[in-house]
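Trainee:
2 protein chains.
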Amino acid sequence: MTEDPAASTAPARAAYHHGDLRAQLIAAVRELVETHGPDGFSVAEAARRAGVSSAAPYKHFKDRPAILRGVVSEAMDRLRAAMEAGAASYPAGSIEAVAAVGRAYVSFARAEPGVFRLVFGLTEGHETAPDLQSKGERCFGVVVRAAAACLGLPPENSDVQARAYMLWSFVHGHSFLTIDKKSNVASDRIDDWFYLLTVSGAILGLPIRR
Amino acid sequence: MTEDPAASTAPARAAYHHGDLRAQLIAAVRELVETHGPDGFSVAEAARRAGVSSAAPYKHFKDRPAILRGVVSEAMDRLRAAMEAGAASYPAGSIEAVAAVGRAYVSFARAEPGVFRLVFGLTEGHETAPDLQSKGERCFGVVVRAAAACLGLPPENSDVQARAYMLWSFVHGHSFLTIDKKSNVASDRIDDWFYLLTVSGAILGLPIRR
DNA sequence: TGCCAAAGTGAGTGATTCTAACATATGTAA
DNA sequence: TTACATATGTTAGAATCACTCACTTTGGCA
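Chains as they are written, first to last, in our numbering: chain V, 1129 to 1338; chain P, 1129 to 1338.
(1) Taking a Cβ distance cut-off of 9 Å, strictly less, list which residues of the segment 1149 to 1178 of chain P are near chain V, in chain order.
(2) Checking contacts by CB at 8 Å: is Arg1245 (chain V) closer than that to chain P?
(3) Whole angstroms are fine: how far does the CA of Arg1291 (chain P) sit from the CA of Ser1286 (chain V)?
(4) Apply the 10 Å Cβ neighbour rule to Ala1213 (chain V) and answer buried if 16 or more other Cβ atoms are within range, or exposed otherwise.
(5) Spell out a yes or no on whether the segment 1238 to 1248 of chain P and the segment 1170 to 1190 of chain P are touching, meaning 3 or more CB-CB pairs, one atom from each, closer than 8 Å.
(6) Could you give the C-beta distance for Leu1305 (chain P) and Ser1297 (chain V), rounded to a whole number, given that I count them as a contact under 8 Å?
(7) Look up Glu1224 (chain P) in the DSSP assignment and say whether it is helix, strand or coil.
(8) Residues of chain V with CB closer than 8 Å to the CB of Leu1305 (chain P), please, in chain order.
(9) Is the segment 1193 to 1203 of chain P close to the segment 1213 to 1223 of chain P, with three or more CB pairs under 8 Å?
(10) Mark Asp1205 (chain V) as exposed unless 16 or more other C-beta atoms lie within 10 angstroms of its C-beta, in which case mark it buried.
(11) Check whether chain V comes within 8 Å of Ala1275 (chain P), counting only Cβ atoms and requiring the distance to be less than that.
(12) So, at 7 Å on beta carbons, what are the nonlocal neighbours of Gln1289 (chain P) in its own chain, with the 5 sequence-adjacent residues on each side left out?
(13) For Val1229 (chain V), go through chain P and note every residue whose CB falls closer than 9 Å to its CB, in chain order.
(14) Distance cutoff 8 Å, beta carbons only. Does Phe1248 (chain P) sit that close to anything in chain V?
(15) Does the beta carbon of Ile1336 (chain V) sit closer than 8 Å to a beta carbon anywhere in chain P?
(16) So with Cβ pairs under 8 Å, would you call Asp1308 (chain P) a contact of chain V?
(17) If you reduce the DSSP assignment to three classes, tell me which class Glu1284 (chain V) lands in.
(18) Since Glu1202 (chain P) is in the alpha helix (DSSP H), which residue starts that stretch and which ends it?
(19) Less than 8 Å between the beta carbons of Leu1149 (chain P) and Val1200 (chain P), yes or no?
(20) Please confirm whether Val1299 (chain P) and Val1234 (chain P) have their CB atoms less than 8 Å apart.
(21) Where Glu1224 (chain V) and Arg1231 (chain P) are concerned, what is the direct C-alpha to C-alpha distance, given to the nearest angstrom?
(22) Taking C-beta pairs closer than 8 Å, name the residues in chain V that Ala1330 (chain P) reaches, listed in chain order.
(23) Excluding the 5 residues flanking Ser1328 (chain P) on each side, which residues of the same chain have their C-beta closer than 7 Å to its C-beta?
(24) Return the CA-CA distance between His1302 (chain P) and Arg1266 (chain P), expressed in angstroms with no decimal places.
(25) Would DSSP call Val1327 (chain V) helix, strand or coil?
(26) Contact criterion: CB-CB distance below 8 Å. Does Val1327 (chain P) meet it with respect to chain V?
(27) In angstroms, rounded to a whole number, what distance separates the CA positions of Ala1237 (chain P) and Gly1147 (chain V)?
(28) Could you pull the start and end residues of the alpha helix (DSSP H) that Lys1263 (chain V) belongs to?
(29) Pull up the distance between the alpha-carbon of Leu1332 (chain P) and that of Ser1181 (chain P), whole angstroms please.
(30) For Ala1239 (chain P) and Gly1280 (chain P), what's the separation of their Cα atoms in angstroms?
(31) How long is the line joining the alpha carbons of Arg1208 (chain P) and Gln1152 (chain V), rounded to whole angstroms?
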């Protein structure tokens, strides 16, 4: 019982008492949410996978929603990092950079549909979570900056903000429809990259590349 | 105990044994989902509100997810009816009719954010629910027909399908971002009707009215 | 070394989902 | 009208879960 190397997908059980249980719990919950759906997760099962008693999680999280919020917070960090990496992989100010932000968004939703749904389906305790709110705004900020650079306008410009919001709406909706498998008729036939380029160009008012 | 007129918001208790429990349960669950969030609902509470024992619901629904699916099914009927009514309130083939479909969509999300989230957040038993799948496709069909009429092309045309999908993505994303209160900075300032007209026009390739 | 706080355990409470066995009302056919 | 089959309800109970409390163990620190 000193070691348990086959503990789900968590890298390893560090120690009997001291291990970084908090991170391991978040990883376990993320996995559960991904496989069993956002509401098919239980604190008891997560604790079981982490190899601790069912009361241990409450030393690190106040509540069941608090655990969910931890997962969401971590996921939003990764999402924003992916968006920024997408923007950085193309010349600053190019429309390709804008589309790459959207592409990163859709890719994240495809790779982790359960977590993605959780991020934008969290309602309980949402009002009392200023850090999640601010992280959401930072994600939006990535879109705003890319659009601003592309348009040659300051990010505070209202037109930039509006166009960034439209871009985000489209990409957000496309992500949801994709993972929901609704209307796969059109979704499957679509090359996302071309679509994102097309729509980004149209929304930003730039000529569309063919 | 023959009458119980103050039973939540359900119109009235029809009879002791015979009442239309199924419809009343769906109404109670819809209400619970709306007030306490999609996962803050319990079969026991719904039964309590309908004035029956906690085992009664299982005579009408196989499962907890089955009840949710019943609510979703009913909601999708209403959503489609609202979209069709929106389209019908403007001349057939007009861009205003297309935008009205989107407006109905956003209005529904605003009016019933909990149910809306449930409709597109349902994952459990989703694969074994062909009626929900077909209802989703019928909703998409409303968009397709409006776009086809506007473009003067048959609904089966692939360009029509793709543009309809883009329209739906945008409207869907806008709905979600609106009810999630993310990035209210831009969302609040927006006149939806003008936006929908603008985007609809851009996506359909028609001149944008100013 | 001795003490304190952090971190984990085990048992227990109340609520939940769902099943099983039983009771009652409704509709149909003799 | 009576008798049966079925739909619809009930109570009781098993299994699970969220969460709390009292207790124990461990690591850090003066």
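Quick reminder that beta carbons are idealized off the backbone N, C-alpha and C, glycines included.
Mentor: Taking the structure as given:
(1) Of all residues in the segment 1149 to 1178 of chain P, His1164, Gly1165, Pro1166, Asp1167, Gly1168 have a Cβ within less than 9 Å of some Cβ in chain V.
(2) Closer than 8 Å: yes.
(3) Each residue's alpha carbon lies about 27 Å from the other.
(4) Looking at its Cβ environment, which holds fewer than 16 other Cβ atoms inside 10 Å, Ala1213 (chain V) is exposed.
(5) Contact between the segment 1238 to 1248 of chain P and the segment 1170 to 1190 of chain P is absent, because fewer than three Cβ pairs lie under 8 Å.
(6) For a cut-off of 8 Å, the C-beta gap from Leu1305 (chain P) to Ser1297 (chain V) is around 6 Å, short enough to register as a contact.
(7) In the structure shown, Glu1224 (chain P) falls within a helical segment according to DSSP collapsed to helix, strand and coil.
(8) Tyr1293, Trp1296, Ser1297, His1300, listed in chain order.
(9) Counting C-beta pairs with one atom in each stretch, the segment 1193 to 1203 of chain P and the segment 1213 to 1223 of chain P have fewer than three that are closer than 8 Å, which means they do not touch.
(10) Asp1205 (chain V) is exposed by the Cβ-count criterion.
(11) Not closer than 8 Å to any Cβ of chain V, the Cβ of Ala1275 (chain P) fails to qualify, so no.
(12) In its chain, beyond the 5 residues on either side, Val1272 have a beta carbon closer than 7 Å to the beta carbon of Gln1289 (chain P).
(13) Under the 9 Å cutoff, chain P gives no residues; its nearest Cβ is about 14 Å from Val1229 (chain V).
(14) Output row for Phe1248 (chain P): interface = yes.
(15) Residue placement at Ile1336 (chain V) is poorly supported in this model, since its pLDDT is 47, which falls under 50; the coordinates are not used for a value here.
(16) Contacts with chain V at 8 Å (Cβ-Cβ) include Asp1308 (chain P).
(17) Looking at Glu1284 (chain V) - three-state DSSP - the assignment turns out to be coil, as it is neither helix nor strand.
(18) Taken as a continuous stretch (DSSP letters only), the alpha helix (DSSP H) holding Glu1202 (chain P) covers 1192 to 1216.
(19) No, these two residues do not count as a Cβ contact at 8 Å.
(20) Between Val1299 (chain P) and Val1234 (chain P), the CB-CB gap stays under 8 Å.
(21) One Cα belongs to Glu1224 (chain V), the other to Arg1231 (chain P), and the distance between them is close to 30 Å.
(22) Per Cβ cutoff of 8 Å: Ala1330, Ile1331.
(23) Excluding five sequence positions before and after Ser1328 (chain P), the CB atoms of its chain that fall closer than 7 Å to its own CB belong to Ile1223, Val1226, Ala1227, Gly1230, Leu1295, given in chain order.
(24) Rounded to whole angstroms, His1302 (chain P) to Arg1266 (chain P) spans 21 Å at the Cα level.
(25) The answer is helix: DSSP assigns Val1327 (chain V) an H, G or I state.
(26) For Val1327 (chain P), the nearest beta carbon of chain V is closer than 8 Å to its own beta carbon.
(27) One C-alpha to the other measures close to 44 Å.
(28) Its alpha helix (DSSP H) spans residues 1258 to 1279.
(29) Leu1332 (chain P) and Ser1181 (chain P) have their alpha carbons spaced roughly 53 Å apart.
(30) Rounded to the nearest whole angstrom, the CA to CA distance from Ala1239 (chain P) to Gly1280 (chain P) is 33 Å.
(31) The straight-line gap from Cα to Cα measures roughly 44 Å.
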